[in-house]
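Asker: One structure follows; several queries about it will come next.
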Amino acid sequence: MSRTHRIAVLAGDGIGPEVMTDALRVLDAVESKFGFSTERNVQLVGGAALDATNNETPLPAETIAACENSDAILFGSVGGPKWENLPPDIQPERGALLPLRKHFGLFANLRPGVCLPSLTHASPVKNELIPNGFDVLCVRELTGGVYFGSPKGREERDGETVAFDTMIYKRSEIDRILRVAFTAAMGRGKKLVSVDKANVLASSVLWREVANEVAKDYPEVELSHLYVDNAAMQLCRRPDSFDVLVTENLFGDILSDEMAMISGSLGMLPSASLGGKKEGSELYFGMYEPSGGSAPDIAGQGIANPIAQILSVAMLLRFSLGENDAADAIEKAVSAAIDKGFRTGDIATGAATEKKVGTSEMTDAILAG
Ligand code: NAI
Ligand code: MG
Numbered sequence: 001m002s003r004t005h006r007i008a009v010l011a012g013d014g015i016g017p018e019v020m021t022d023a024l025r026v027l028d029a030v031e032s033k034f035g036f037s038t039e040r041n042v043q044l045v046g047g048a049a050l051d052a053t054n055n056e057t058p059l060p061a062e063t064i065a066a067c068e069n070s071d072a073i074l075f076g077s078v079g080g081p082k083w084e085n086l087p088p089d090i091q092p093e094r095g096a097l098l099p100l101r102k103h104f105g106l107f108a109n110l111r112p113g114v115c116l117p118s119l120t121h122a123s124p125v126k127n128e129l130i131p132n133g134f135d136v137l138c139v140r141e142l143t144g145g146v147y148f149g150s151p152k153g154r155e156e157r158d159g160e161t162v163a164f165d166t167m168i169y170k171r172s173e174i175d176r177i178l179r180v181a182f183t184a185a186m187g188r189g190k191k192l193v194s195v196d197k198a199n200v201l202a203s204s205v206l207w208r209e210v211a212n213e214v215a216k217d218y219p220e221v222e223l224s225h226l227y228v229d230n231a232a233m234q235l236c237r238r239p240d241s242f243d244v245l246v247t248e249n250l251f252g253d254i255l256s257d258e259m260a261m262i263s264g265s266l267g268m269l270p271s272a273s274l275g276g277k278k279e280g281s282e283l284y285f286g287m288y289e290p291s292g293g294s295a296p297d298i299a300g301q302g303i304a305n306p307i308a309q310i311l312s313v314a315m316l317l318r319f320s321l322g323e324n325d326a327a328d329a330i331e332k333a334v335s336a337a338i339d340k341g342f343r344t345g346d347i348a349t350g351a352a353t354e355k356k357v358g359t360s361e362m363t364d365a366i367l368a369g
């Protein structure tokens, strides 16, 4: 009997539905090749849901229910000028993405920064620093730290306005994100850099302590520590010295954008947001989406790069469904299409060796590989 998995498919707005169509074609292909199937529950989210509910909500109850009844969520992107002037709490990103992360306790954000060797021209980093490309995984804690800590607020003190936030971490929160990072490192180059500010912050002192404790359970992984300011510098100075990097929420927000920039094109970068492990399993419930947004400037033209969405499917297969061979096959096929010279507009240079293609031709090239 073939393996069956359930996924919720939320394409959203802008280029979301275009690249989702292509990502699902790739999923179809690996399903028949590797002998498993997915039941896909397709639902509205973001602006598409607002339009369908007369601006009531970007995250309808049916959409949440579909996600609850699935092994993973495949997400496109949400938002666009049409919904920009709605009240903040029902705007596509604030009203759908953040509540989904919160509802499912998606505490681990995995963002690979990958620049294939043949695309280093797209990177603003000096090409001699990344002769073999760039391939670093950033693991960011997503539901704790200063973004969520209390007290948080603003008040008058001694005739002056003060505003404050609290950076707070529990041992258990640090432990679980470190385990995700160590597990990811085991599946890659077995080198983990934990980033903190332990020379100044109490929460970072605890972070470093817990990292050293958890390391004992992963003796094969080489753990090192960097202060965040130094990490930001080293990413530019010797980007290829990193394998996996793990850090708390605020530092990860900043460093993951720096890494995305080093890799060159947003259209190439997937992401995963993981919650708890499924009972009795090494697999996580998770939400998978491109690192970029809905790209309204190019939506509807059939020219968006589908690779970020396609690689999001690969991450979903690996972390939530355990279909590792299918995930590997997708990643290999993407590299092969790039090596053969296929380029969407965002990664094209105009060189004579390139074959400039649109969304669906890029996917055809990947399917052929
Ligand atoms: P964006 O990521 O949508 O676009 C930035 C630039 O990157 C644009 O020039 C766009 O054409 C390009 N780009 C992005 N993905 C691409 C792809 N796959 N292929 C080729 N080019 C690509 O960010 P922006 O412009 O700041 O936001 C646009 C809308 O998306 C806004 O409404 C924003 O709120 C929303 N957004 C949604 C996110 C999500 O759903 N997770 C994340 C970020 C923004
Ligand atoms: Mg950010």
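Residue numbers (full-length UniProt numbering): 1 to 369.
The beta-carbon is built from N, C-alpha and C at its ideal position, and this holds for glycine as well.
Is asparagine 55 close to the ligand NAI? I mean its beta-carbon at under 7 angstroms from any heavy atom of the ligand.
Answerer: Here residue 55 refers to the residue found at position 55 of the sequence shown. Checking the Cβ of asparagine 55 against the ligand NAI gives no.
Asker: Counting Cβ pairs, one atom from each stretch, are 3 or more of them under 8 angstroms apart for the segment 175-192 and the segment 244-256?
Answerer: Result yes; three or more Cβ-Cβ pairs closer than 8 angstroms.
Asker: Please classify tyrosine 218: does DSSP put it in a helix, a strand, or coil?
Answerer: In the sequence shown, counting from the first residue as 1, residue 218 sits at position 218. Coil, per DSSP.
Asker: May I ask you to verify whether the segment 221-232 touches the segment 116-124, counting CB pairs closer than 8 angstroms and requiring at least 3?
Answerer: At 8 angstroms Cβ cutoff, the stretches do not touch.
Asker: Of all the options Leu178, Ala198, Val193, Ile254, which has the alpha carbon lying nearest to the alpha carbon of aspartate 217?
Answerer: By one-based count along the sequence shown, residue 217 stands at place 217. Minimum Cα distance to aspartate 217 is reached at Leu178.
Asker: Going by DSSP, which residues form a beta bridge with aspartate 135?
Answerer: For the purposes of this step, residue 135 is taken as residue 135 along the sequence shown, with counting starting at 1. Looking at the DSSP assignment, aspartate 135 forms a beta bridge with Val114.
Asker: Residues in the same chain with beta-carbon distance under 6 angstroms from alanine 198, minus the five sequence neighbours each way, listed in chain order, please.
Answerer: As a first step, residue 198 must be located in the sequence shown, where it is residue number 198. Correct list, in chain order: Ser204, Val205, Arg208.
Asker: Check the DSSP bridge columns for glutamine 154 and list the partner residues they point to.
Answerer: As a working mapping, residue 154 is identified with position 154 in the sequence shown. Residue identity differs from the one stated: residue 154 is arginine in this sequence, not glutamine. For arginine 154, which the question treats as bridged, DSSP gives the partners Ala163.
Asker: Evaluate glutamine 91 with the Cβ neighbour count: other Cβ atoms within 10 Å of its Cβ, from every protein chain shown; 16 or more gives buried, anything less gives exposed.
Answerer: If you number the sequence shown from 1, residue 91 lands on position 91. By the neighbour-count rule (16 or more Cβ atoms within 10 Å), glutamine 91 is buried.
Asker: Return the chain-ordered list of same chain residues with a C-beta closer than 6 angstroms to the C-beta of glycine 302, the five sequence neighbours on each side being excluded.
Answerer: The count along the sequence shown starts at 1 and reaches residue 302 at position 302. Excluding sequence neighbours, glycine 302 sits near Gly358, Thr359.
Asker: Give the DSSP-derived three-state secondary structure of residue 377 in the structure shown.
Answerer: Residue 377 falls outside the range modelled here, since the chain spans only 1 to 369, and no answer is possible.
Asker: For glycine 286, which residues does DSSP report across the bridge?
Answerer: Working through the sequence shown from its first residue, we reach residue 286 at position 286. DSSP output for glycine 286 lists Ala72, Leu274 as bridge partner(s).
Asker: For a quick check, are the C-beta atoms of glycine 79 and glycine 293 less than 8 angstroms apart?
Answerer: Numbered from 1 along the sequence shown, position 79 holds the residue referred to as residue 79. Numbered from 1 along the sequence shown, position 293 holds the residue referred to as residue 293. Yes, they are a contact pair.
Asker: Within the continuous beta strand (DSSP E) that includes isoleucine 307, where are the two ends?
Answerer: In the sequence shown, residue 307 corresponds to position 307, counting from 1. That residue, isoleucine 307, is in no beta strand (DSSP E); its alpha helix (DSSP H) goes 307-316.
Asker: By the 10 Å Cβ neighbour count, where 16 or more other Cβ atoms means buried, how is leucine 52 classified, buried or exposed?
Answerer: Residue mapping note: residue 52 aligns to position 52 of the sequence shown, counting from 1. The sequence given here places alanine at residue 52; leucine does not occur at that position. Exposed, since its Cβ has fewer than 16 Cβ neighbours within 10 Å.
Asker: Using the rule of at least 16 other Cβ atoms within 10 Å of the residue's Cβ for burial, across every protein chain shown, is phenylalanine 164 buried or exposed?
Answerer: Here residue 164 corresponds to residue number 164 of the sequence shown, with the count starting at 1. Looking at its Cβ environment, which holds fewer than 16 other Cβ atoms inside 10 Å, phenylalanine 164 is exposed.
Asker: How far does the beta strand (DSSP E) with serine 32 in it extend, from its first residue to its last?
Answerer: Position 32 of the sequence shown holds residue 32. Taken as a continuous stretch (DSSP letters only), serine 32 belongs to no beta strand (DSSP E), being part of the alpha helix (DSSP H) at 16-34.
Asker: DSSP three-state label for isoleucine 130, please.
Answerer: For the purposes of this step, residue 130 is identified with residue 130 of the sequence shown, where counting begins at 1. Three-state DSSP puts isoleucine 130 in coil, outside helix and strand.
Asker: Taking contact to mean 3 or more Cβ pairs, one atom from each stretch, closer than 8 angstroms, check whether the segment 137-149 and the segment 121-129 are in contact.
Answerer: With a cut-off of 8 angstroms, the segment 121-129 and the segment 137-149 do not count as touching, because too few Cβ pairs lie within range.
Asker: Tell me the DSSP secondary structure of threonine 265 in three-state form.
Answerer: As a first step, residue 265 is located in the sequence shown; it is residue number 265 there, counting from the start. Per the sequence presented here, residue 265 reads as serine, with threonine not at that position. Looking at serine 265 - three-state DSSP - the assignment turns out to be coil, as it is neither helix nor strand.
Asker: Could you tell me how far apart the beta carbons of alanine 272 and leucine 86 are, in whole angstroms, since I believe they sit closer than 8 angstroms?
Answerer: Translated into positions along the sequence shown, residue 272 becomes position 272. Translated into positions along the sequence shown, residue 86 becomes position 86. Rounded, the Cβ-Cβ distance is 28 angstroms, inconsistent with contact.
Asker: Looking at alanine 49: is its Cβ nearer than 8 angstroms to the Cβ of proline 58?
Answerer: For the purposes of this step, residue 49 is taken as residue 49 along the sequence shown, with counting starting at 1. For the purposes of this step, residue 58 is taken as residue 58 along the sequence shown, with counting starting at 1. Cβ distance < 8 angstroms, so alanine 49 and proline 58 count as in contact.
Asker: For arginine 3, report the span of its beta strand (DSSP E) as first-last.
Answerer: In the sequence shown, counting from the first residue as 1, residue 3 sits at position 3. Per DSSP, arginine 3 belongs to the beta strand (DSSP E) from 3-12.
Asker: Since residue 456 is in the alpha helix (DSSP H), which residue starts that stretch and which ends it?
Answerer: Because the chain is modelled from 1 through 369, residue 456 falls outside the range shown and cannot be assessed.
Asker: Counting C-beta neighbours from all protein chains within 10 Å, is the total for glutamate 289 16 or more, i.e. buried, or is it exposed?
Answerer: Residue 289 sits at position 289 when you count from the first residue of the sequence shown. It counts as buried.
Asker: Is the beta carbon of isoleucine 338 closer than 8 angstroms to that of isoleucine 15?
Answerer: Within the sequence shown, residue 15 is the residue found at index 15, counting from 1. Within the sequence shown, residue 338 is the residue found at index 338, counting from 1. Cβ atoms of isoleucine 15 and isoleucine 338: not closer than 8 angstroms.
Asker: What do you reckon, is the C-beta of alanine 314 under 7 angstroms from a heavy atom of the ligand NAI?
Answerer: Here residue 314 refers to the residue found at position 314 when the sequence shown is read from its first residue. Answer for alanine 314: no, Cβ out of range of the ligand NAI.
Asker: Using alpha carbons as the reference points, say which of Leu269, Gly76, Ile310, Met268 lies closest to leucine 97.
Answerer: Taking the sequence shown and counting its residues from 1, one reaches residue 97 at position 97. Nearest C-alpha to leucine 97: Gly76.
Asker: Could you name each continuous beta strand (DSSP E) segment of 3 residues or more that falls completely within the segment 172-252, going from the start of the chain to the end?
Answerer: Whole beta strand (DSSP E) segments, 3+ residues: 191-196, 222-227, 244-247.
Asker: Per DSSP, what are the beta-bridge partners of phenylalanine 342 in this structure?
Answerer: Position 342 of the sequence shown, counted from the first residue, corresponds to residue 342. Note: phenylalanine 342 sits in a beta bridge opposite Lys355.
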